[in-house]
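Peer 1: Pasting a structure here, questions to come.
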Amino acid sequence: MSATPSFERFDYLLRTNKHIERRLVFDVLCAADQRIGFSEHWYLGFGSMWFGDFRLAHRLLGINTLVSMELTDHAARAKFNRPFAGVTVEAGESGAIMANLSQETWNQPVIAWLDYDGYLNNEVVSDINLLLDRAQPNSAVIITVNGARGTYRGRKASTLTARNETSVGVVEGFLGSGSIPTRCAPQQNAAGAYIDVPEAEFPEFLTEAIADYMQHHVMASAREVEGDRLRFLPLYRLHHRDSADMVTVGGVVVTEAAAVIWQQCLRQHPILVDANGAANYCRIDLIPVTVKEKITLDECLPDIGNNAPLLAAARAAGLALHDDDIAKYRKFYRHFPVFVETTM
Amino acid sequence: MANNDIDEAGGSSPKRIHADATKDFFVTMITRDISLRDCIFDLLDNAIDGARRKPAAGTAQPLNGYEVRLTFDSNTFRIGDNCGGIRLSDAIDYAFHFGRRPDSPADVKGGIGLYGIGMKRAIFKVGRKCEVTSHADDASFKVLIDVAEWEVKTEWDFEYQDIERAAGLGTTIEISDINDGARELLEDPVFKNELLRDIARDYAFFIHQGLTIRVGDDVVPSYKYQLRQSDQLAPSVEQFDDDGVKVRILAGVVDDLPDDIPDELKPDKVDRYGWFVICNDRVVLAADKGLETIWGVDGFNVWHPQYNGFAGFVFFNAEDQRKLPWTTTKRELDASSPLYRRTIARMKSVTQVFIEYTNRRKQDLPAARAAEMPLVQVEISELQQSQPFKLPVISAMSTRPSMVNISYQRDRREIEEIKSHLGSIAMSAKDVGIKTFEYYREVELGK
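In order, the protein sequence lines correspond to chains A and B.
For the first sequence, our numbering gives the first residue as 4, with consecutive numbering after it.
For the second sequence, our numbering gives the first residue as 2, with consecutive numbering after it.
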């Protein structure tokens with residue numbers, strides 16, 4: 004966790020993969036808005052100084068009441084930067100702020116996206132618990148945390164690695180062993196040391212563990228609304244990589260009947276679902292593409308079938324991107340942003 | 002008021018009080034006494050007993066080749082095996098009977114099925130419709146159970162149909178129309194993860210014998226029960242026969258012993274500590290730290306985090322499983338069993354040796370820690386020879402350094418920052434304090 008807040012290191016709005024992720028998240032919410040309607044909803048998040056997600060929540064979903072949580076030291080600057088009058092900035096720690104919000108506020112469904120700068124820890128888990136315990140039906144609960152294995156794994160080179168020193172073991176300490184898929188559980192080698200999950204697989208593991216935790220938390224609490232049992236339907240298991248590996252995991256608190264509607268909305272976005280219609284791990288790690296490259300690729304899209312026609316057309320146009328990067332672009336091109344410099 | 006029926010002996014002629022069982026009792030009442038997980042384990046037990054009837058000969062892995070497959074979602078629960086099937090003759094006369102009939106044929110020796118209730122109770126617990134299909138060496142058949150229809154009928158019998166023979170022998174139980182409570186669990190990914198973990202732990206001794214158990218696409222991993230051993234550290238092994246039951250008691254150290262009491266302890270951190278009770282290779286109690294075994298019983302110490310790192314194992318093995326001290330759920334022990342009470346006395350005795358050591362080691366923690374370092378981890382199945390509990394000899398330090406506690410508060414974010422910089426976000430705040438103190442001594446004092 005860097006001492007310098009991320010908003011002082013880069014402009015949130017100029018990160019390609021974060022931008023794509025944000026659009027994917029709001030795509031599903033927009034689809035649900037058509038069916039569910041968000042006129043009663045409020046928005047909760049960490050608007051920071053840029054309020055990227057807040058702008059989308061207001062513009063795309065029409066949500067008028069938006070609450071941004073900001074550490075006291077930075078709250079004044081955040082208040083200055085709030086984009087709409089409907090945004091209020093609450094100063095303090097997220098757990099304390101949420102605990103002190105009025106019952107009337109919690110009585111309304113919420114779209115909550117807690118986009119943390121740092122890693123999963125006990126405070127994040129407490130925030131998740133609080134949100135899931137208070138969220139009304141058709142509320143969305145989404146979190147973003149660091150997803151790099153190196154962040155979680157202790158830098159200890161001596162003696163045998165204990166289970167709780169592996170990255171999976173550390174996550175297990177926060178979420179409980181039940182949230183750890185058996186295939187990822189650390190196994191002991193012949194010497195007795197615990198073997199960690201491969202680095203490349205850690206973000207996918209983390210999205211699954213957090214989604215499982217959320218699902219279980221709502222099931223275990225057995226909350227009911229007008230006789231209907233509430234459950235948690237995972238919608239997002241995203242991994243984006245700009246300067247750091249970050250994972251975004253979330254879903255909705257729903258009744259059985261509403262779950263069907265949300266599932267239909269999710270299925271409209273094949274990138275996000277597996278063959279069974281469940282939220283699927285989705286890695287977003289595109290390299291920056293120039294405007295010229297983008298125009299060249301876009302002229303060939305949408306195509307049908309595999310990557311071959313696009314690759315052939317790209318090569319014919321003299322494009323020198325790697326095949327993998329072209330394939331990734333093809334997957335996300337509808338959400339790929341263009342950033343341009345302007346003089347104000 | 003005079004009662005003309007009373008005879009000279011002070012009683013009337015016998016009259017009838019109704020005591021018939023009701024189906025509702027079996028469908029909705031006894032299913033409350035057992036968890037969904039333990040119902041599933043009852044079905045696993047039946048499959049394993051089937052495999053034990055025809056073990057592979059001449060091998061250390063007599064259950065090699067046998068496999069049990071569990072699959073489930075919110076609509077269907079299915080368990081299938083290749084463990085020999087239910088013989089038609091057994092099905093007609095015994096297997097579907099509620100409770101074991103007195104004329105039941107002798108069970109598989111050393112088996113784990115016992116009361117004649119597990120399969121029916123599991124079906125009722127999980128759902129309202131069921132199809133049991135069996136291919137055994139005498140016949141192939143299926144039984145269709147519609148619980149709602151069966152409940153309103155007067156007779157208790159189920160009907161079966163002959164079916165085509167299949168290549169392999171085995172049983173499949175498929176349950177649908179899942180009950181609400183079970184459905185929520187079956188679609189909970191954490192339930193599935195915990196089921197896999199518990200099967201690994203409680204059926205470890207069968208998996209070591211070659212049995213394969215699958216849950217969905219996952220093969221249940223092999224769980225290792227090991228105890229530490231070194232020159233100064235060795236587990237105790239005690240064994241005796243008691244009325245046809247072989248009892249083996251192991252006790253030892255499974256992890257680092259704590260130097261002090263941690264601020265908080267989550268269940269995952271202590272799930273290898275405590276007493277384990279195993280009946281005919283099936284783990285009945287795991288990591289018990291309460292009244293089910295010795296802790297807090299008749300004046301014995303209650304479990305304390307100071308005992309973290311201790312693990313004890315009691316194996317009860319009997320050819321006649323009715324002699325084992327377990328209850329119908331196979332998740333509790335029968336405290337009234339004289340055999341169990343006699344065993345508890347010995348468990349207390351060996352645990353007391355360890356408890357006294359945890360107090361003694363405080364006199365010289367560095368020496369204790371060094372002596373406790375394991376040279377090897379011993380599989381408990383290899384510990385077959387009786388031996389006493391060997392623990393390091395600790396003598397009081399001649400000159401104990403004068404120690405003081407340091408306590409102070411800092412902003413949580415600053416602590417997190419240091420944790421991250423030290424490369425261990427899971428470390429405790431106390432360890433952050435120790436590290437930063439050591440850093441000051443090293444950098445500023447050169448020590």
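Ideal placement from N, C-alpha and C gives every residue a C-beta, glycine not left out.
1. Which runs of the beta strand (DSSP E) fall wholly inside the stretch 197-275 of chain A and span at least 3 residues, in chain order?
2. To be precise: take each residue of the stretch 186-200 of chain B, compare its Cβ to all Cβ atoms of chain A, and keep it if any distance is under 7 Å. Which residues remain?
3. Are the stretch 24-33 of chain B and the stretch 50-64 of chain B touching by the rule of at least three beta carbon pairs closer than 8 Å?
4. Quick one: what does DSSP say Asn309 of chain A is sitting in, helix, strand or coil?
5. In angstroms, rounded to a whole number, what distance separates the CA positions of Gln353 of chain B and Gly297 of chain B?
6. Work out the CA separation of Asp76 of chain A and Leu334 of chain B for me, nearest whole Å.
7. Taking 8 Å as the threshold (beta carbon to beta carbon), is Gln378 of chain B in contact with chain A?
8. CB of Val133 of chain B to nearest heavy atom of the ligand COA: below 7 Å?
9. For Leu45 of chain B and Val127 of chain B, what's the separation of their Cα atoms in angstroms?
10. Under 8 Å, Cβ to Cβ, is there at least one residue of chain B near Met72 of chain A?
11. Tell me, please, which residues DSSP counts as bridged to Ser231 of chain B.
12. Which residues mark the beginning and the end of the beta strand (DSSP E) in which Gly98 of chain A is found?
13. Within the same chain, show all residues whose beta-carbon is closer than 8 Å to that of His272 of chain A, passing over the 5 residues directly before and after it, in chain order.
14. By Cβ distance, which residues of its chain are closer than 8 Å to Ile416 of chain B, with the 5 residues on each side in sequence left out?
15. Exposed or buried, which one is Thr329 of chain B when buried takes at least 16 other CB atoms within 10 Å?
16. According to DSSP, what are the bridge partners of Gly391 of chain B?
17. For Asn192 of chain A, I'd like the list of residues in its chain whose CB is within less than 8 Å of its CB, leaving aside the five on either flank, ordered along the chain.
18. Could you work out which residues of chain C lie near Asp269 of chain B, taking near to mean beta carbons separated by less than 8 Å?
19. Between the Cα of Glu188 of chain B and the Cα atoms of A:Gly179, A:Glu207, A:Gln218, which residue gives the shortest distance?
20. In whole angstroms, give me the CA-to-CA distance for Val238 of chain B and Arg229 of chain B.
21. With Trp45 of chain A as the anchor, note down where its beta strand (DSSP E) starts and where it stops.
22. Is the stretch 273-283 of chain B in contact with the stretch 313-321 of chain B, if contact means three or more CB pairs nearer than 8 Å?
23. Does Tyr122 of chain A come within less than 8 Å of chain B when only Cβ atoms are used?
24. Mapping the DSSP letters down to three states, classify Cys187 of chain A as helix, strand or coil.
25. In this structure, how does DSSP classify Glu165 of chain B when only helix, strand and coil are distinguished?
26. Work out the CA separation of Phe99 of chain B and Ser13 of chain B for me, nearest whole Å.
27. Using a Cβ-Cβ distance cut-off of 8 Å, determine whether Pro222 of chain B contacts chain A.
28. Fully enclosed by the stretch 280-337 of chain A, which alpha helix (DSSP H) runs are 4 residues long or longer?
29. Which residues bound the alpha helix (DSSP H) around Gly1 of chain B?
30. If you draw a straight line from the C-alpha of Arg202 of chain B to the C-alpha of Trp276 of chain B, how long is it?
31. If you draw a straight line from the C-alpha of Val70 of chain A to the C-alpha of Gly176 of chain A, how long is it?
32. Would you tell me roughly how many angstroms separate the C-alpha atoms of Arg186 of chain A and Asp163 of chain B, rounded to the nearest one?
33. Runs of 4 residues minimum, wholly inside the stretch 144-211 of chain B: which ones carry the alpha helix (DSSP H) assignment?
34. Which residue comes first and which comes last in the alpha helix (DSSP H) that contains Phe57 of chain A?
35. If we ignore side chains and look at the alpha-carbon of each, how far apart do Ile145 of chain A and Ala282 of chain A end up?
36. Taking 8 Å as the threshold, find out whether the stretch 209-218 of chain A comes into contact with the stretch 91-110 of chain A through three or more Cβ pairs.
Peer 2: This is what the structure holds:
1. Listed in chain order, the complete beta strand (DSSP E) runs (minimum 3 residues) inside the stretch 197-275 of chain A are 234-244, 248-257.
2. Asp189, Pro190, Val191, Asn194, Glu195, Leu197, Arg198
3. no
4. coil
5. 13 Å
6. For Leu334 of chain B and Asp76 of chain A, the distance between alpha carbons rounds to 58 Å.
7. Closer than 8 Å to some Cβ of chain A, the Cβ of Gln378 of chain B qualifies, so yes.
8. Summarising the ligand content, the structure contains no ligands, and the ligand COA is consequently not present.
9. 15 Å
10. no
11. B:Leu234
12. Unbroken run through Gly98 of chain A is the alpha helix (DSSP H), 97-103; no beta strand (DSSP E).
13. Leu27, Asp30, Val31, Ala34
14. Ala430, Val433
15. So Thr329 of chain B ends up on the buried side.
16. The sequence shown places Lys at residue 391 of chain B, not Gly. Answer is B:Ala235.
17. Ile198
18. The displayed structure is made up of protein chains A and B, and chain C is not among them.
19. A:Gln218
20. Straight-line measurement puts the Cα of Arg229 of chain B at about 13 Å from the Cα of Val238 of chain B.
21. 45-48
22. yes
23. yes
24. helix
25. coil
26. 34 Å
27. yes
28. 294-301, 311-319, 326-335
29. Residue 1 of chain B is absent from the structure shown; chain B starts at 2 and stops at 448.
30. 13 Å
31. Distance between the alpha carbons of Val70 of chain A and Gly176 of chain A is about 31 Å.
32. 40 Å
33. 148-153, 181-187, 190-203, 205-208
34. 55-64 is the span of the alpha helix (DSSP H), which, as asked, contains Phe57 of chain A.
35. Between Ile145 of chain A and Ala282 of chain A, the C-alpha separation is close to 13 Å.
36. No contact exists between the stretch 209-218 of chain A and the stretch 91-110 of chain A.
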